[in-house]
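The letter at position 23 of the sequence shown is residue 23 when you use the UniProt record's numbering, and the numbering goes up by one with no holes.
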Amino acid sequence: MIVAVTGHQHIPGVIMHEVESDVRSLLQRLQGESDRMTRVTVMGCLAEGADQMVARVALEEGLHFEAVIPCRRYESTFDAVGAKSYRELLSRSSSSVVLPYDGPSGEAYIAAGRYMVKRCDRLMALWDGHPAVALGGTGDVVGYARTKGVPVDVIWRMGVLH
């Protein structure tokens, strides 16, 4: 089973622990529901915030993580701390793919979201329910998954905005 992740780059501290706990619970439940021959694999772009949190939890749970890198110069979008975390998680990924875009753009981000949705069995969205602010944002990926009939598990807390 492949679980793709999308989510906000900023998760408010007031809900961080609860969201991380919900992510862990969902991954444990999905792994428990899978037969012994089916391993849950998590797929994501390793953006700061939701993507890196879910990747870290998945790896802590002993799951495979597949990195989908939206463009060749993706690391340029991170600050020093985010870049260090990105490199560390990328090195621990079981596989990675770099999409054919040179630099970061809405087009690259929406392509990455669609790439994951086309290959996943379900989408985990750390999402406040609001439309995407920029092309390729969380709301766009959730909307695309829903049009394709991919089940979406939304993890957030009501009334909290990112």
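Quick reminder that beta carbons are idealized off the backbone N, C-alpha and C, glycines included. What you are looking at is a predicted structure, and each value in this text was computed from that prediction instead of being measured.
Would a C-beta distance cut-off of 8 Å place residue 59 and residue 31 closer than the cut-off? no
Drop a sphere of 10 angstroms on the beta-carbon of residue 53, count the other beta-carbons inside from all chains shown, and report buried for 16 or more, exposed for fewer. buried
Pairs of beta-carbons, one from the region 40-50 and one from the region 1-19, closer than 8 Å: are there three or more? yes
Return the CA-CA distance between residue 67 and residue 45, expressed in angstroms with no decimal places. 6 Å
Residue 107 and residue 115 look like a contact to me (Cβ under 8 Å); what is the Cβ gap, rounded to whole Å? Rounded, the Cβ-Cβ distance is 12 Å, inconsistent with contact.
Consult DSSP for residue 1 and reduce its assignment to one of helix, strand or coil. coil
Hey, could you find the ends of the beta strand (DSSP E) residue 72 is sitting in? That residue, residue 72, is in no beta strand (DSSP E); it is neither H nor E in DSSP.
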